[in-house]
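Quick mapping for you: the protein sequence lines, in order, are chains F and X. Counting from 535, one number per residue, gives the positions in the first sequence under this note's numbering. Counting from 33, one number per residue, gives the positions in the second sequence under this note's numbering. Ideal Cβ positions, reconstructed from N, Cα and C, are used throughout, including at glycine. Here the structure is a predicted model, which is why all the values come from computation and not from measurement.
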Amino acid sequence: MINSRRVRRWTSNLMVGVVGLTVLIGILPLFLILGTLVVKGAGSLNLAFFLETPAPVGETGGGVAHAIVGTLLIVAVACLMGLPIGLAAGIHAAEFPGTRLSRATRFLADVMNGTPSIVVGVFAWTWVVARQGHFSGLAGSVALALLMIPMVMRTTEELILLVPNALREAALALGYSRWRTSLTIVARTALPGLVTGSLLAVARIAGETAPLLFTALGSQFMRTDVTQPMSALPLAVFAYATGPYEEWHRLAWASALVLILLVLFLSLLTRLATRSRFGSHE
Amino acid sequence: MSDRPRVEAQNLTASYHGKPAIREVSLSFQANQVHALIGPSGCGKSTFLRTINRMHELTPGATVEGSVLVDGKDIYTSGINPMHLRRHVGMVFQKPTPFPTMSIFDNVAAGLKILPRSERPLAEVVEEALRGAALWDEVKDRLNKSALSLSGGQQQRLCIARTLAPGPTVILLDEPTSALDPTATQRIEELLYKLKSKYTIVIVTHNMQQAARLSDTTSFFYLGELIEHADTKSLFTTPQKERTEAYVTGKFG
Numbered sequence: 535m536i537n538s539r540r541v542r543r544w545t546s547n548l549m550v551g552v553v554g555l556t557v558l559i560g561i562l563p564l565f566l567i568l569g570t571l572v573v574k575g576a577g578s579l580n581l582a583f584f585l586e587t588p589a590p591v592g593e594t595g596g597g598v599a600h601a602i603v604g605t606l607l608i609v610a611v612a613c614l615m616g617l618p619i620g621l622a623a624g625i626h627a628a629e630f631p632g633t634r635l636s637r638a639t640r641f642l643a644d645v646m647n648g649t650p651s652i653v654v655g656v657f658a659w660t661w662v663v664a665r666q667g668h669f670s671g672l673a674g675s676v677a678l679a680l681l682m683i684p685m686v687m688r689t690t691e692e693l694i695l696l697v698p699n700a701l702r703e704a705a706l707a708l709g710y711s712r713w714r715t716s717l718t719i720v721a722r723t724a725l726p727g728l729v730t731g732s733l734l735a736v737a738r739i740a741g742e743t744a745p746l747l748f749t750a751l752g753s754q755f756m757r758t759d760v761t762q763p764m765s766a767l768p769l770a771v772f773a774y775a776t777g778p779y780e781e782w783h784r785l786a787w788a789s790a791l792v793l794i795l796l797v798l799f800l801s802l803l804t805r806l807a808t809r810s811r812f813g814s815h816e
Numbered sequence: 033m034s035d036r037p038r039v040e041a042q043n044l045t046a047s048y049h050g051k052p053a054i055r056e057v058s059l060s061f062q063a064n065q066v067h068a069l070i071g072p073s074g075c076g077k078s079t080f081l082r083t084i085n086r087m088h089e090l091t092p093g094a095t096v097e098g099s100v101l102v103d104g105k106d107i108y109t110s111g112i113n114p115m116h117l118r119r120h121v122g123m124v125f126q127k128p129t130p131f132p133t134m135s136i137f138d139n140v141a142a143g144l145k146i147l148p149r150s151e152r153p154l155a156e157v158v159e160e161a162l163r164g165a166a167l168w169d170e171v172k173d174r175l176n177k178s179a180l181s182l183s184g185g186q187q188q189r190l191c192i193a194r195t196l197a198p199g200p201t202v203i204l205l206d207e208p209t210s211a212l213d214p215t216a217t218q219r220i221e222e223l224l225y226k227l228k229s230k231y232t233i234v235i236v237t238h239n240m241q242q243a244a245r246l247s248d249t250t251s252f253f254y255l256g257e258l259i260e261h262a263d264t265k266s267l268f269t270t271p272q273k274e275r276t277e278a279y280v281t282g283k284f285g
């Protein structure tokens with residue numbers, strides 16, 4: 535009896551150890567990436583890095599203000615296009631689950647979710663760049679919006695489905711119409727989750743590089759006109775990292791760190807948005 | 033005529049995907065009384081209740097044949113807008129369903145906000161509805177707090193207040209106390225007893241004592257058919273049908 539208990543305890547400890555080890559292996563890359571970025575990039579971070587555009591080749595100093603502004607603009611325009619469509623499609627698919635239209639959108643969203651982002655970039659190239667005749671931040675936004683729509687749609691759908699049907703019925707029994715019930719009761723109840731899902735999608739597309747390569751192209755100058763080629767942080771990392779100069783490599787590490795911090799900041803916003811859901815009930 | 037029934041079902045058959053849940057039910061309810069619908073699970077009493085405010089048809093595959101008259105008007109004719117109907121025939125559900133994102137005040141006002149603006153101030157109508165649901169004294173100092181801060185029994189009375197606010201004439205209740213403790217149940221029963229002076233109340237209940245305590249008439253449903261409809265006292269003391277007697281004496285169900 536005592537013996538078998540000892541064996542069981544030993545097995546338990548062994549298993550806890552194995553599981554703990556796999557967890558460590560799993561999160562090790564995260565800390566390696568963060569650590570490398572901080573070690574190699576943090577030294578180059580200063581105020582000028584955030585406020586200045588690149589210095590001429592051969593000179594030290596300069597920053598990636600143009601890429602930060604570019605990323606913010608491209609992502610903002612992508613959100614303007616992608617969020618309304620993704621949210622509306624998701625609410626529709628959840629509120630009218632059996633219809634042919636909602637089944638079709640769900641299938642298309644799954645296909646689009648599995649499409650490599652570079653393919654989406656090619657699509658945006660033929661659609662916007664080829665027609666405009668030149669590269670532009672707008673083309674990058676279109677590519678990112680196309681990546682964003684299926685992500686936002688699927689999370690929205692799942693979160694809307696979590697709202698208890700009893701709430702829907704209660705609103706309908708008060709004389710609410712279907713659309714008013716969907717928007718003012720169901721979507722409103724799911725709102726914290728919808729904000730979270732949207733912010734996660736924003737964080738995902740903010741780091742995309744491939745679809746921007748032949749849409750936004752990149753630029754060495756501060757640009758705020760989205761119809762012109764513009765830089766973005768992932769593009770700056772790509773351009774500097776593949777360049778021949780030591781100074782550029784330094785800038786690439788720092789840009790990568792800023793990009794990670796931006797995504798981290800969005801994730802933190804996400805956490806705050808979910809927390810207010812429980813805070814509002816006192 | 034003043035003794036025209038407020039609600040009258042005629043040969044009503046309600047089905048899901050072609051399978052009838054209630055068959056050929058004819059039943060009428062007088063105004064200002066409490067009417068109880070009893071019967072074992074799956075007997076069709078809730079389905080019947082949901083045909084009176086046309087909530088039944090919201091279930092996919094649901095159909096209705098026959099007619100339901102509310103104040104003499106057939107609610108299944110094409111001229112009737114179900115959204116307007118539901119403002120006259122309010123409904124309270126089994127579990128309390130306060131809108132979680134709204135304050136206590138906004139919950140009660142929810143049904144009023146979709147109505148054409150009346151001359152009466154919103155706050156006045158909300159107070160009247162909360163008083164009507166015997167909740168005003170408990171919440172008057174925290175109208176702006178979340179509706180989820182209330183206890184289960186209070187939440188259910190809040191749902192009753194929300195149903196009263198748009199000014200219905202008929203109130204349907206689908207097992208309104210089955211999720212509540214005995215004290216909260218008793219408060220709801222006392223409330224419903226008071227409300228019948230102004231409203232016509234139809235209540236589905238699993239609890240036969242509740243039907244006996246509360247209602248003026250009782251209808252016994254079994255396997256989708258209306259077996260017996262009578263004033264409550266005679267249905268419980270001298271039932272005419274064997275099935276009814278077996279059910280009310282606890283032999284099955």
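9 Å Cβ cutoff met for residue i and residue j
i: L81(X); j: M123(X); result: yes
i: A643(F); j: A623(F); result: yes
i: A141(X); j: L154(X); result: yes
i: G71(X); j: G709(F); result: no
i: A179(X); j: L196(X); result: no
i: R784(F); j: G604(F); result: no
i: L803(F); j: L733(F); result: yes
i: G256(X); j: D213(X); result: no
i: F61(X); j: T232(X); result: yes
i: A673(F); j: Q666(F); result: yes
i: V39(X); j: V96(X); result: no
i: T758(F); j: L585(F); result: no
i: I694(F); j: E629(F); result: yes
i: N139(X); j: R194(X); result: yes
Integer-rounded CB distance, given that residue j should sit under 8 Å from residue i
i: F68(X); j: A243(X); result: According to the sequence as given, residue 68(X) is Ala; it is not Phe. So it is a contact: roughly 4 Å between Cβ atoms.
i: T270(X); j: S247(X); result: Contact flag wrong, Cβ pair sits at about 16 Å.
i: T503(F); j: A658(F); result: For chain F, the structure presents residues 535 to 816; residue 503(F) sits outside this window and is missing.
i: M615(F); j: S675(F); result: 7 Å
i: E207(X); j: T237(X); result: 6 Å
i: K127(X); j: A211(X); result: 5 Å
i: I235(X); j: L224(X); result: 7 Å
i: L44(X); j: S251(X); result: So it is not a contact: roughly 12 Å between Cβ atoms.
i: P132(X); j: T723(F); result: 6 Å
i: L800(F); j: G575(F); result: Actually they are not in contact, since the Cβ atoms of L800(F) and G575(F) sit about 19 Å apart, beyond 8 Å.
i: L746(F); j: V686(F); result: Going by Cβ atoms, the distance from L746(F) to V686(F) rounds to 19 Å, so no, they are not a contact pair.
i: S753(F); j: I625(F); result: 38 Å between Cβ atoms; not a contact.
i: M806(F); j: V771(F); result: Looking at the sequence provided, one finds Leu at residue 806(F) rather than Met. Actually they do not touch by this definition, with Cβ atoms about 27 Å apart.
Buried or exposed (CB count within 10 angstroms, at least 16 for buried), residue i
i: D169(X); result: exposed
i: E780(F); result: exposed
i: E151(X); result: exposed
i: I561(F); result: exposed
i: S814(F); result: At S814(F) the pLDDT is 47, less than 50, meaning the model places this residue with poor confidence; the figure from the coordinates comes in the next sentence. Exposed, by the Cβ-count rule.
i: M33(X); result: Only weak support is given to the placement of M33(X): the predicted model assigns it a pLDDT of 45, under 50, and the value that follows is read from those uncertain coordinates. With fewer than 16 Cβ atoms within 10 Å of its Cβ, M33(X) is classed as exposed.
i: H20(X); result: In the structure as shown, chain X starts at 33 and stops at 285, and residue 20(X) therefore has no counterpart that could be examined.
i: E156(X); result: exposed
i: K77(X); result: buried
i: L680(F); result: buried
i: W787(F); result: buried
i: E816(F); result: For E816(F), the predicted structure reports a pLDDT of 37, less than 50, and the residue's modelled location is therefore unreliable. The matter cannot be settled from this model.
i: F812(F); result: Residue placement at F812(F) cannot be trusted, given a pLDDT of 43 that sits under 50; what the coordinates show is reported in the next sentence. Exposed is the call here.
i: F268(X); result: buried
i: Q272(X); result: exposed
i: T639(F); result: buried
i: S110(X); result: exposed
i: E691(F); result: buried
Cβ-heavy atom distance, residue i to the ligand COA, below 8 Å
i: V66(X); result: Absence of the ligand COA is noted for the structure shown, with no ligands found whatsoever.
Residues of the stretch 706-736 of chain F whose Cβ lies closer than 8 Å to any Cβ of chain X, in chain order: L706, A707, L708, G709, Y710, S711, R714, I719, R722, T723 and L725
Which complete alpha helix (DSSP H) runs does the stretch 642-721 of chain F hold, if anything under 4 residues is left out? 651-658, 671-696 and 699-707
Could you run through the stretch 129-155 of chain X and flag, in chain order, every residue whose CB is less than 7 Å away from some CB of chain F? T129, F131, P132, T133, A142, G143 and I146
Members of the stretch 629-646 of chain F that neighbour chain X once the beta carbon cut-off is set at 9 Å: G632
Which complete alpha helix (DSSP H) runs does the stretch 204-281 of chain X hold, if anything under 4 residues is left out? 214-227, 240-246, 264-269 and 274-280
At a Cβ cut of 8 Å, what residues of the stretch 179-207 of chain X count as close to chain F, listed as they run along the chain? L180, S181, C191, R194, T195 and P198
Beta carbons nearer than 8 Å to chain F: which residues of the stretch 78-103 of chain X have them? N85, M87, L90 and P92
What are the residues in the stretch 691-704 of chain F lying within 7 Å of chain X by C-beta distance? A700, L701, E703 and A704
In chain order, which continuous runs of the beta strand (DSSP E) of length 3 or greater are located wholly inside the stretch 81-142 of chain X? 94-102 and 121-124
Using a Cβ-Cβ cut-off of less than 9 Å, give me the residues of the stretch 239-250 of chain X that come near chain F, in sequence order. none
Ranges of the alpha helix (DSSP H) found wholly within the stretch 565-604 of chain F, counting only runs of at least 4: 581-585
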